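Below: one structure, written as structure tokens.
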Amino acid sequence: MKNEIDIHRALKVFNKVTQYGEKRALEDGHNGHDYWLCGISAQTDHDGYTITLADAQVSLTVFFHNKYQFDYPTNDALDNFLLRFNDVENYQAS
């Protein structure tokens, strides 16, 4: 089954996470950082053409020209990841 996502929605979630999320140093020993909000981390590659949104089980990578790739172990994990999109979209900065 092909997983479809609204890329514009994913980009809006990415922008909100990077705008309001907590900036963190990457834990894998690489230089750089990500942002964390409502259980979703957001990061970009060095040139900004590729972004990644992820939680503990699922990652969504959006490439140039709006191509994308999901990586997840189960459909339930994917469903939970997409529910977190709602949490980010409904997040109100205080």
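With numbering that gives the first Met the number 0 applied, the sequence shown corresponds to residues 0 to 93, in that order. Beta carbons: idealized from backbone N, C-alpha and C, even for Gly. Since this is a predicted model, take the numbers as computed values, not measurements.
Return yes when the Cβ of leucine 25 is within less than 8 angstroms of the Cβ of isoleucine 39, no when it is not. For the purposes of this step, residue 39 is taken as residue 40 along the sequence shown, with counting starting at 1. For the purposes of this step, residue 25 is taken as residue 26 along the sequence shown, with counting starting at 1. No, Cβ-Cβ distance for isoleucine 39 and leucine 25 is not below 8 angstroms.
Please name the residue in His45, Phe13, Asn2, Ile4 whose C-alpha comes closest to that of glutamate 88. What you label residue 88 is simply residue 89 of the sequence shown in a count that begins at 1. Looking at the Cα atoms, Phe13 is the closest of the given residues.
On the DSSP bridge assignment, give the partners of glutamate 21 in chain order. Position 22 of the sequence shown, counting from 1, holds the residue named residue 21. DSSP, once it has assigned bridges, lists Trp35 as partnering glutamate 21.
Please classify phenylalanine 62 as buried or exposed, where buried requires at least 16 other C-beta atoms within 10 Å of its C-beta. Within the sequence shown, the letter at position 63 stands for residue 62. The residue is exposed, with fewer than 16 neighbouring Cβ atoms inside 10 Å.
From the DSSP output, which residues share a beta bridge with serine 40? Taking the first residue of the sequence shown as position 1, residue 40 is located at position 41. Trp35, Ala53, per the DSSP bridge assignment.
Determine which residues share a DSSP beta bridge with valine 61 and list them. Locating residue 61 in the sequence shown gives position 62, counting from the first residue. Residue pairing by DSSP puts valine 61 in a beta bridge opposite Ile50, Tyr67.
Closest Cα partner of histidine 7 within the set Ser58, Val16, Asn65: As a working note, residue 7 is residue 8 in the sequence shown. That would be Asn65, whose Cα lies nearest to the Cα of histidine 7.
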